[in-house]
Amino acid sequence: MKCKSCVWFNKKYQICTRGWAGKSEKCPFYTPVPGAENVDKSVLQAKWKRLTHVVEWVANNASVLKCVGCSMPLSAAGWVLRWYPHPDGLKLEDFDEPMWVYVECCKCGYGNALWKLVKQLEAGR
508 MKCKSCVWFN KKYQICTRGW AGKSEKCPFY TPVPGAENVD KSVLQAKWKR LTHVVEWVAN
568 NASVLKCVGC SMPLSAAGWV LRWYPHPDGL KLEDFDEPMW VYVECCKCGY GNALWKLVKQ
628 LEAGR
């Protein structure tokens, strides 16, 4: 897979280091995503200890969560949970190293970062 904003290709993990949705830090057009620094990672870490917890959270909220790429509810578009090693990822009991976990929309292929979905849910309530 390639970064949608550029064509940088990470051969080791087959995914852009910022996720399918973002630009890679090696990309000359890279700009940090606003809002990421406002997410308290410790809250997410406490909420999700295993991948199954993340799956349950997404499944329980899929009808109100919308894909950032196509704005379709994840329940209607369909979704797949994906992950890869990342130093800023979640420390889950299922893995030895931190994993960047994201929800891929089956309709448009956009990789919705968990923090974006959490912010979306918080804003809607």
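Here my numbering is used: the first residue of the sequence shown is 508, the next is one more, and so on.
Just so you know, even glycine gets a beta-carbon here, dropped at the ideal spot from N, CA and C.
No experiment lies behind these values; they were computed from the predicted model shown.
Residue i versus residue j - alpha carbon distance
i, j, result
"Lys556", "Asn568", "18 angstroms"
"Cys574", "Tyr591", "20 angstroms"
"Pro580", "Cys615", "12 angstroms"
Beta strand (DSSP E) segment containing residue i, residue limits
i, result
"Gly618", "Gly618 to Ala620"
"Glu611", "Met606 to Cys612"
Start-to-end residues for the alpha helix (DSSP H) that takes in residue i
i, result
"Glu563", "Leu558 to Asn568"
"Leu465", "With the chain covering 508 to 632 only, the question about residue 465 has no answer from this structure."
Other residues of its chain near residue i: CB distance less than 7 angstroms, five sequence neighbours each side excluded
i, result
"Val587", "Glu611 and Cys613"
"Leu624", "Leu572 and Val610"
Same chain, Cβ closer than 6 angstroms to residue i, neighbours up to 5 away in sequence not counted
i, result
"Ala566", "none"
Cβ-Cβ distance between residue i and residue j below 8 angstroms
i, j, result
"Gly570", "Ser578", "Reading off the sequence, residue 570 comes out as Ser, not Gly. No. Outside cutoff."
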